[in-house]
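S.K.: Starting off with a structure, shown below.
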Amino acid sequence: MTTTRIWTATARAASRVALQLDYISADEIAAQSPAWWQNVLGVVGFEKLPAIDGQRVPVAASMTPSLGGKGNLCEVWRAAGAEGRMSNGAAGWGRVQYRFCEELLFGSITLEEHAVEAEGSMNGEGESRALLRATELAYQEIFGVLRETEHRYLIRIWNYLPEINRAAGGDERYRLFNSARQLAFRKSGQAIVDTVPAASALGSPADSPISIYFLAARQQPKMIENPRQTSAYHYPPKFGRHSPIFSRACMLNDSAGTSLFVSGTASIVGHETIHRGDVAAQTRETMANISALLDEANRVAGKVRYSLDGLKFKVYVRQPADLPAIKGVLSASLRPSTSTVFLQADVCREDLLVEIEATGESHRGC
Ligand code: 3EB
C-alpha cells in the first residue's frame, strides 16, 4: 500500500510541467551543457539571431535592439519537468520551426516580405499586397502546425514587423497587418473575439524580416480583458478597417501551476491614446492598465495569484532618449530586483511612446 502510494506520488511529481521564462545572454547559453537543453522549447534573440544551433530548438529574433542592459540578451522558454518527454529537436512545418511537449508548444516563423512577393503572381505586386500575403501566409502556417500537433490553443503571440508605422498603399503597415491577421483567423476557422490569444505587435528596423513567435497549449486557457479598456477586437474602425485580434491577457493552467501572459499594454483608456507626448504619464497609465489586468486575472482565478512583483517585464521604448524617464516611473512601482528588459521598438500607434508586456509564473505548492 505504502509503496504504491509513494510510487503514484513520484509519478505525478515527475509529470508536472511548468512553463518557465528566463532572460540570459547568448554567451551564457552557448556555455550550457546538453542537459540544460533538454526542456528548452525555444530561444529568442533581441537585436539579432543568436548564434545557436537551430537544429536543437527553434531560434527566433525580434530584431529590436536592447537598451541599457547587457548585450546579446535572449529570451528562453522552457517546459520545466518535461525532460525526456520533449519532441526531438526543432521540427519544421512550412516555414514554422517548433518544439513541444505534451502540454505546450513553442513556434517561430520568419518571413521576408520580398521573398513572398516573388512567389506571387508575375505582374509585380505592390508593397501592401506583399505585406498582406506574408502576414496571411504566416498565420495560416501557424494554425497549420497547431492542427498537426494538436496544441489547439494559441495562447501568446509576438509579432515584429519592419517599419510598423510607415504608410504603404495608402494605409499604415500595422493596419494592413491587422487586416491580414483577421482574415487568416477567419479562414482558419478561428474565433476573432473573446478566445483570441494574448499578443504584442511592434516595429523593427527597415529590412528586417517579419518575425513572429508563439506559444500554444493543449488545454484551453482563460482570456482576461481590461475593464479600463475597450477590447482590441472591438476597436472602432477609425483605428483601422479590421480590428486587431488579441486579448489583453491570457491565463494558462499547467500541471505545476499557472502562467499569466499580459499582452503589450500601453497608455490607452477606452480606445483612445491618452497623455500624448508625455512619456512619464504614458508609463504610469500603462502600469495602471497592467495593475487593472492583474486585479481582473485574480478575480477570474478566484484568488490572489498575481502581483506586480511576481511578473517579468519587457518594455518597448520608441525613443531611446526616453529611457531614463520610463525607468524613473517604473522604479516607483516595481522592486529593484524585478526582471525588466528594455528594447527599442516602434509601437503600433504613432502617438504611443512606450508599451509594456509581462509574464507571470505561479507555482503550485508540493
Ligand atoms: C493597444 O492596446 C496597443 O496588434 O497584436 C498591443 C498589443 C497593441 C498587441 C496587436 C497591439 C497588439 O491597442 C497596441
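Going by the numbering used here, the sequence shown opens with residue 8, and the numbers climb by one from there. In this text, a Cβ means the ideal position worked out from N, Cα and C, and glycines have one as well.
Where does E232 fall in DSSP's three states?
M.R.: One-based indexing of the sequence shown puts residue 232 at position 225. E232 falls in the coil class under three-state DSSP.
S.K.: For I59, which three-state DSSP category applies?
M.R.: Numbered from its first residue, the sequence shown carries residue 59 at position 52. DSSP places I59 in coil when its eight states are reduced to three.
S.K.: Could you name the residues that DSSP lists as bridge partners for W100?
M.R.: In the sequence shown, residue 100 corresponds to position 93, counting from 1. According to DSSP, which records beta bridges pairwise, W100 is partnered with V103.
S.K.: Would you say the segment 197 to 210 touches the segment 278 to 288, given that touching needs at least three Cβ pairs under 8 Å?
M.R.: With a cut-off of 8 Å, the segment 278 to 288 and the segment 197 to 210 do not count as touching, because too few Cβ pairs lie within range.
S.K.: Leaving out the 5 sequence neighbours to the left and right, which residues in its chain are closer than 6 Å to S22 when beta-carbon positions are compared?
M.R.: Taking the sequence shown and counting its residues from 1, one reaches residue 22 at position 15. Cβ within range, chain order: n/a, list empty.
S.K.: Just the C-alpha distance for V50 and L111, rounded to the nearest angstrom, thanks.
M.R.: Counting from one through the sequence shown, the residue named residue 50 turns up at place 43. Counting from one through the sequence shown, the residue named residue 111 turns up at place 104. Going from the Cα of V50 to the Cα of L111 covers about 15 Å.
S.K.: When the Cα atoms are used, what is the spatial distance from M129 to R188?
M.R.: Counting from 1 along the sequence shown, the entry for residue 129 is found at position 122. Counting from 1 along the sequence shown, the entry for residue 188 is found at position 181. Residue confidence for M129 is low, a pLDDT of 45 falling below 50, so the modelled location carries little weight and cannot support an answer.
S.K.: Does the Cβ-Cβ distance between F53 and S32 come in under 8 Å?
M.R.: Taking the first residue of the sequence shown as 1, we reach residue 53 at position 46. Taking the first residue of the sequence shown as 1, we reach residue 32 at position 25. No, they are not a contact pair.
S.K.: Taking C-beta to C-beta, are S115 and P65 nearer than 8 Å?
M.R.: On the sequence shown, residue 115 is found 108 positions in, with the first residue counted as 1. On the sequence shown, residue 65 is found 58 positions in, with the first residue counted as 1. In this structure, P65 lies closer than 8 Å to S115 by Cβ.
S.K.: Locate the alpha helix (DSSP H) running through A208, then write down its first and last residues.
M.R.: Looking up residue 208 in the sequence shown gives position 201. Run containing A208: none in the alpha helix (DSSP H); it sits in the beta strand (DSSP E), 205 to 211.
S.K.: Is DSSP giving R180 helix, strand or coil here?
M.R.: Against the sequence shown, residue 180 aligns to sequence position 173. Note: R180 maps to helix in three-state DSSP.
S.K.: Determine the direct distance from the alpha carbon of A263 to that of S218, and round the result to whole angstroms.
M.R.: The sequence position of residue 218 within the sequence shown is 211, counting from 1. The sequence position of residue 263 within the sequence shown is 256, counting from 1. Taking the straight line from one Cα to the other gives about 30 Å.
S.K.: To which residues does DSSP link A67 through a beta bridge?
M.R.: Working through the sequence shown from its first residue, we reach residue 67 at position 60. In DSSP, A67 forms a bridge with V51.
S.K.: Roughly how many whole angstroms lie between the Cα atoms of I252 and I149?
M.R.: Residue 252 sits at position 245 when you count from the first residue of the sequence shown. Residue 149 sits at position 142 when you count from the first residue of the sequence shown. Distance between the alpha carbons of I252 and I149: 15 Å.
S.K.: So, are the CB atoms of N233 and R248 less than 8 Å apart?
M.R.: The sequence position of residue 233 within the sequence shown is 226, counting from 1. The sequence position of residue 248 within the sequence shown is 241, counting from 1. Cβ distance not < 8 Å, so N233 and R248 don't count as in contact.
S.K.: Ordered along the chain, which non-local residues of its own chain (more than five positions away) have a Cβ less than 6 Å from that of L318?
M.R.: In the sequence shown, counting from the first residue as 1, residue 318 sits at position 311. So the list reads A365, G367, once near-sequence residues are dropped.
S.K.: For N166, is the beta carbon positioned less than 7 Å from some heavy atom of the ligand 3EB?
M.R.: Residue mapping note: residue 166 aligns to position 159 of the sequence shown, counting from 1. Yes, the ligand 3EB has a heavy atom inside 7 Å of this Cβ.
S.K.: What separation, rounded to the nearest whole angstrom, lies between the Cα atoms of F113 and A205?
M.R.: For the purposes of this step, residue 113 is identified with residue 106 of the sequence shown, where counting begins at 1. For the purposes of this step, residue 205 is identified with residue 198 of the sequence shown, where counting begins at 1. Each residue's alpha carbon lies about 14 Å from the other.
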